[in-house]
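Read the structure below first, then the notes.
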């Protein structure tokens, strides 16, 4: 099993930018404490791979620095060669984590989950849609026929839903805050809107009620899990009021269900905007540890 890192490719951001880019290096450091041998630097996604899920005109605009200013404002990052490198590596991490999953049962991207990017534009801190590119790359190469996306970021996965709209080979399940970004949504295969302040018990009950039926309906060859840390009560952008223990229980539910279904699993980190950032790192470190334990990896205590 491989765990792909992208922290060595930083995003140049202006001082005071609200995106917590430092979380990636901190997460890698934490994971290295118990899984250093499995860490690998993510290869970049190729233009051909990116174009499997995105319009070539948009891909070329990002690669060449000609994205319209309005689109860059919607993405929320300034364009730079560093942003391009980082974005391609983040997508490549999910592609290679998926290949690892097909070989060993599981693969992990310590970034990714950029689910607001649609075919022809980025949005909400998402330049390219890593999960969509990975699915299309695997389908195109004949490695899989069907895929399931389990998106438990606090925000609805509108870009993923838009890319796979009308495609019965990909089931998109998103469980998210009803009163949160994005405010214009594209319906996925199943969307569960949760009220502000949902809390652990109601959240876990909703997940339990829907996860098994989703796995049955998807008839997937592989599962992509967006394990967002942002449903956490201390997250700046999340409003669902989950505790760290509740998020760990969420992860265990997903991991157990996928293992019982004997499916390959790709885990991406998706969102996390807690203050302090160490809370996001703690939540995502737990996600990685639980994933390794669920897929039979012996970890140091």
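In my numbering, the protein residues as written are 6 to 306. Idealized CB from N, CA, C, for every residue including glycine. Only a predicted model underlies this, so the values are computations on that prediction, with no experimental measurement involved.
Is residue i near the ligand FAD, in the sense that its beta carbon is under 8 Å from a heavy atom of that ligand?
{"i": "residue 286", "result": "Absent from the structure shown: the ligand FAD. Ligands present: none."}
If you draw a straight line from the C-alpha of residue i to the C-alpha of residue j, how long is it?
{"i": "residue 67", "j": "residue 85", "result": "9 Å"}
{"i": "residue 171", "j": "residue 116", "result": "28 Å"}
{"i": "residue 246", "j": "residue 279", "result": "12 Å"}
{"i": "residue 212", "j": "residue 43", "result": "30 Å"}
{"i": "residue 143", "j": "residue 149", "result": "6 Å"}
{"i": "residue 232", "j": "residue 25", "result": "17 Å"}
{"i": "residue 18", "j": "residue 83", "result": "7 Å"}
{"i": "residue 189", "j": "residue 12", "result": "31 Å"}
{"i": "residue 257", "j": "residue 15", "result": "31 Å"}
{"i": "residue 28", "j": "residue 97", "result": "19 Å"}
{"i": "residue 165", "j": "residue 195", "result": "12 Å"}
{"i": "residue 122", "j": "residue 161", "result": "12 Å"}
{"i": "residue 241", "j": "residue 260", "result": "26 Å"}
{"i": "residue 239", "j": "residue 299", "result": "27 Å"}
{"i": "residue 203", "j": "residue 163", "result": "21 Å"}
{"i": "residue 264", "j": "residue 207", "result": "24 Å"}
{"i": "residue 221", "j": "residue 87", "result": "41 Å"}
{"i": "residue 248", "j": "residue 71", "result": "42 Å"}
{"i": "residue 20", "j": "residue 81", "result": "14 Å"}
{"i": "residue 93", "j": "residue 48", "result": "8 Å"}
{"i": "residue 35", "j": "residue 291", "result": "10 Å"}
{"i": "residue 30", "j": "residue 295", "result": "20 Å"}
{"i": "residue 89", "j": "residue 286", "result": "24 Å"}
{"i": "residue 126", "j": "residue 243", "result": "24 Å"}
{"i": "residue 183", "j": "residue 173", "result": "25 Å"}
{"i": "residue 250", "j": "residue 105", "result": "28 Å"}
{"i": "residue 109", "j": "residue 75", "result": "42 Å"}
What is the DSSP secondary structure of residue i, counted as helix, strand or coil?
{"i": "residue 300", "result": "coil"}
{"i": "residue 243", "result": "coil"}
{"i": "residue 134", "result": "coil"}
{"i": "residue 185", "result": "coil"}
{"i": "residue 38", "result": "helix"}
{"i": "residue 23", "result": "coil"}
{"i": "residue 69", "result": "helix"}
{"i": "residue 273", "result": "strand"}
{"i": "residue 280", "result": "coil"}
{"i": "residue 197", "result": "strand"}
{"i": "residue 238", "result": "coil"}
{"i": "residue 179", "result": "strand"}
{"i": "residue 44", "result": "strand"}
{"i": "residue 146", "result": "coil"}
{"i": "residue 324", "result": "The requested residue 324 is not part of the displayed model; the chain covers only 6 to 306."}
{"i": "residue 81", "result": "coil"}
{"i": "residue 112", "result": "strand"}
{"i": "residue 251", "result": "helix"}
{"i": "residue 192", "result": "coil"}
{"i": "residue 74", "result": "helix"}
Are residue i and residue j closer than 9 Å when you measure CB to CB?
{"i": "residue 181", "j": "residue 197", "result": "yes"}
{"i": "residue 2", "j": "residue 288", "result": "Given that the chain is displayed from residue 6 to residue 306, the structure contains no residue 2 and the question cannot be resolved."}
{"i": "residue 230", "j": "residue 297", "result": "no"}
{"i": "residue 284", "j": "residue 254", "result": "no"}
{"i": "residue 216", "j": "residue 155", "result": "yes"}
{"i": "residue 268", "j": "residue 219", "result": "no"}
{"i": "residue 275", "j": "residue 252", "result": "no"}
{"i": "residue 176", "j": "residue 139", "result": "no"}
{"i": "residue 187", "j": "residue 128", "result": "yes"}
{"i": "residue 102", "j": "residue 293", "result": "no"}
{"i": "residue 118", "j": "residue 273", "result": "yes"}
{"i": "residue 271", "j": "residue 38", "result": "no"}
{"i": "residue 225", "j": "residue 107", "result": "no"}
{"i": "residue 100", "j": "residue 60", "result": "no"}
{"i": "residue 65", "j": "residue 52", "result": "yes"}
{"i": "residue 141", "j": "residue 62", "result": "no"}
Residue i lies in the beta strand (DSSP E); which residues open and close that run?
{"i": "residue 10", "result": "8 to 10"}
{"i": "residue 156", "result": "152 to 156"}
{"i": "residue 231", "result": "227 to 231"}
For the alpha helix (DSSP H) that contains residue i, what are its first and last residues?
{"i": "residue 216", "result": "204 to 223"}
{"i": "residue 97", "result": "86 to 109"}
{"i": "residue 170", "result": "Careful: residue 170 lies outside any alpha helix (DSSP H) and carries neither H nor E."}
{"i": "residue 55", "result": "52 to 55"}
(request) Tell me, please, whether the stretch 208 to 222 touches the stretch 126 to 137 by the rule of three or more beta-carbon pairs shorter than 8 Å. (result) no
(request) Decide if the stretch 147 to 167 is in contact with the stretch 44 to 52; the criterion is three or more beta carbon pairs, one per stretch, under 8 Å apart. (result) no
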